[in-house]
Structures are given as C-alpha cells and as structure tokens.
Amino acid sequence: MRTIGNDNAINYLKNAYRQNSFAHFYIFYGPEHVGKTTLAYDFVKLLNCTSKENEFGCESCENCKKINLNNYYDLICVNSKTPIEGTSTNSSDQIRIGHIHQINHSANLGPFIGKYKIFLIENAHNLNNEASNAFLKLLEEPPKGSIFIFLVSDLSKLYPTILSRAQKIVLSELRNVQIEDWIKQKYDYDHETIEKIVQFSQGLLGKAFLVSENISLLEEYKESYNRFYEFCNSAMSNRLNISQKLSTRFRTDRNGIYQELNNWMNFCDLIIKKNFEKELNFIFDFDLKKTYSIMEINKIIIILLRSINNLQNNANSRLVFDVMSLDIPEKQNSVR
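Okay, here's the thing in structure tokens:
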C-alpha cells in the first residue's frame, strides 16, 4: 500500500531526499490508522530504492521488496512487544529502557547495506520514563547513518525535550473522495459496499484498508456499537457484570479491548460532530443523543480515555472497568 493524500508531508520528505538533507529524528504524528506506518515505509523505500524510477520506491527492486516484507536489514521495527534479550516477555504496553539499549547497540553497528539504518518505533508515546531519558541521551550523539522515526498518536505523552529535538511530520484524515477512489482502484466492490467502507473509515486510510480486506469488520463494528448502547442504557448491576466480562477478556485480548474502547470513543465523537445518523446510519440503529447531552458525551470520552491510559499503565483491569461503570452517567430509565 502506498501513501495517498498528505501532500505536504510527502513533498517535505521528497525535498529532503533531493537535497540529501535528512534529520536524525522524525516524529510522524496523526490519528490511529491515518497512514503513519505506510508513510514511514515509503520513506525507507525512498532512501533505499535502487532503481530511482519512482521517488517513493519502484516496488520491484530487491530492496523495495524486502522493505515491504519487513525483511530489510537496515530497517529495525520496535514496539512494546519486541523481545529484550535477557528479560521476560513484556506484558505491559510500555516501551522500556531495554528496548532503547538494543536500539543504541544496533545503531552503533552502522548500516549493513545502504547509507542509513532506520529505526521505526511504533506507538512511541508509550515510552516509559527510563526509556525516554535513555533515548534523550542517545540523541545527544546520534550514531552516524542512523535515522529514528517515532510513530505517535498522542504527543502529550512524550517528553517536551524529545518533541523539541524532532522534525515533526503531521498527517491528516483524507477526504471521502480520496478513500473512494483508492477503494475503486484496489477492490471490486459494488457502490453500496464502497459507500459503507468510506463512511466507516472516517477519512482514515488504514481503517479503509482493514475493512476492505475483511468486510465482516463492518458487522463487528456494528456489534461494538450495540454493546456500547447496552452498557450506557444498563443499570449499575448489569454494568458491573459487563465490567467483569471486559476484565476477563482483557487478560487474553488486550488489543481487542483497546479497540473496543476506542470504538466507543469514536461513537461519542460522531455524536458531537452531529453526523451520527447521516454518516453511519447503516450501522447505528439507536440514537444515543436521546440518552445523553453533549456535555455528558464529552464526559464519557474523558472517562474512556482515562480508562485506556490506566490499563496501559498496568492498573488492575477489574478496578478500571468498575470505576468506568460508576463514572459514566446512569440514566433513570436504564435496563435492569
């Protein structure tokens, strides 16, 4: 998949390539699924493509093929689940100091093939304090030929001193027509299905790709909304039962729970944007606008965001979901 839209970001990187003037440290910032990883891979291909027929990679040379398969020696991808030598499996979502030490060691070895060794740190906003301090020390004298790219959806979680040292590349949501054109080029779906995918993606190419590859995700998204609607309209006793189920599932499916809570925040955001029925009426059968005021919806977003942050910081999952159940306003006509 290639980057589409976000011309300012693309042109900036192309100009840096033409002038052979690259920063040691970039932050690619934007909402989840906006295309940060895709742009990062295109940037790596720009640096390493051997044919130069296309400034963002020809897609057919050996280097481009290896990069697309995540099998290129000078591309190192790191996230919270990357193994750290000599330590146990990381059950948290934090990027730890051991990850930074491994990056430092690899960077000092220099590139194996090309001019640059690129380190792609996914969800870099999850660096813990020790890792953040270690990375700042690494930036004081960055190894020659190394480029660090942070993929970030929440800048507020990064140290200000880290932000100040980075070249920031901001990515924005695409227009619906751009998503629609991309789907038509890649897939053979009928008009109604394409319209549903476009509405579902909300300008995020990554979401459009996921659902285009697996159309059943539309139904899963609808089911997620139904669970949210049930939760909001349940009495406290039923909410606490749901809380127990969420906590049990979290032990074996953290990513699934994070996706569920992010879906719920997205539903709230759509209500506030006042395009709830207009944009996604094929999914939403109920109207939460009749249940909560806009002020209450804003409060729910804050509660959900706080719950996600607490889970990521290894708080007790049952306690997190119980507090969430208590904090989200209960309506008088709640189902018991």
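First residue of the sequence shown? That's 1113 in this note's numbering, and the numbers climb one at a time after it. Cβ coordinates follow ideal geometry from the N, Cα and C atoms, glycine included.
Taking a contact to mean a Cβ-Cβ separation below 8 Å, would you say residue i touches residue j in this structure?
{"i": "Glu1285", "j": "Val1146", "result": "yes"}
{"i": "Ser1355", "j": "Phe1433", "result": "yes"}
{"i": "Lys1229", "j": "Ser1192", "result": "no"}
{"i": "Asp1186", "j": "Gly1169", "result": "no"}
{"i": "Gly1117", "j": "Gln1290", "result": "yes"}
{"i": "Cys1344", "j": "Thr1403", "result": "yes"}
{"i": "Leu1330", "j": "Lys1308", "result": "yes"}
{"i": "Glu1144", "j": "Ser1265", "result": "yes"}
{"i": "Ser1419", "j": "Met1436", "result": "yes"}
{"i": "His1237", "j": "Leu1283", "result": "no"}
{"i": "Met1377", "j": "Leu1416", "result": "yes"}
For a test of the three-state rule: what should DSSP assign to residue i, helix, strand or coil?
{"i": "Phe1134", "result": "coil"}
{"i": "Ser1172", "result": "coil"}
{"i": "Leu1263", "result": "strand"}
{"i": "Ile1327", "result": "coil"}
{"i": "Lys1256", "result": "coil"}
{"i": "Ser1349", "result": "helix"}
{"i": "Cys1455", "result": "Lying outside 1113 to 1448, the shown extent of the chain, residue 1455 is not represented and no answer is given."}
{"i": "Val1282", "result": "strand"}
{"i": "Ile1225", "result": "coil"}
{"i": "Leu1341", "result": "Per the sequence presented here, residue 1341 reads as Tyr, with Leu not at that position. Tyr1341: helix per DSSP, three-state reduction."}
{"i": "Ile1274", "result": "helix"}
{"i": "Tyr1141", "result": "strand"}
{"i": "Thr1199", "result": "coil"}
{"i": "Tyr1184", "result": "coil"}
{"i": "Tyr1404", "result": "coil"}
{"i": "Phe1388", "result": "Low confidence applies to Phe1388: its pLDDT is 49, below 50, so where it sits in the model is not reliable, and the reading given next is rough at best. Correct three-state label for Phe1388: helix."}
{"i": "Ile1440", "result": "coil"}
Given this structure, state the Cα-to-Cα distance separating residue i from residue j, to the nearest angstrom.
{"i": "Ser1336", "j": "Pro1195", "result": "32 Å"}
{"i": "Lys1126", "j": "Leu1263", "result": "19 Å"}
{"i": "Ser1429", "j": "Ser1324", "result": "33 Å"}
{"i": "Thr1115", "j": "Lys1157", "result": "12 Å"}
{"i": "Ser1313", "j": "Lys1227", "result": "37 Å"}
{"i": "Asp1302", "j": "Arg1277", "result": "47 Å"}
{"i": "Asn1241", "j": "Gln1206", "result": "10 Å"}
{"i": "Phe1224", "j": "Ile1188", "result": "12 Å"}
{"i": "Arg1448", "j": "Ile1327", "result": "Low confidence applies here, because Arg1448 scores a pLDDT of 48, under 50, leaving its location unreliable and the question unanswered by this model."}
{"i": "Asp1300", "j": "Asn1288", "result": "18 Å"}
{"i": "Lys1357", "j": "Asn1160", "result": "48 Å"}
{"i": "Leu1239", "j": "Leu1181", "result": "26 Å"}
{"i": "Arg1339", "j": "Ser1346", "result": "10 Å"}
{"i": "Lys1411", "j": "Ala1128", "result": "43 Å"}
Of the residues the options, which one's Cα is nearest the Cα of residue i?
{"i": "Gly1198", "options": "Asn1245, Gln1206 and His1213", "result": "His1213"}
{"i": "Phe1137", "options": "Tyr1341, Asn1410, Leu1275 and Leu1417", "result": "Leu1275"}
{"i": "Lys1280", "options": "Phe1140, Ser1133 and Glu1252", "result": "Phe1140"}
{"i": "Ile1413", "options": "Leu1358, Asn1288, Asn1338 and Ile1384", "result": "Ile1384"}
{"i": "Leu1438", "options": "Glu1252, Asn1422, Ser1349 and Asn1425", "result": "Ser1349"}
{"i": "Leu1255", "options": "Leu1431, Asn1220 and Ile1233", "result": "Residue identity differs from the one stated: residue 1255 is Pro in this sequence, not Leu. That would be Asn1220, whose Cα lies nearest to the Cα of Pro1255."}
{"i": "Ala1121", "options": "Lys1148, Asp1381, Ser1163 and Val1310", "result": "Lys1148"}
Give me whichever residues DSSP pairs with residue i in a beta bridge.
{"i": "Leu1151", "result": "Answer by DSSP bridge pairing: none, since Leu1151 is not bridged."}
{"i": "Ile1207", "result": "Leu1239"}
{"i": "Leu1232", "result": "Cys1189 and Ile1261"}
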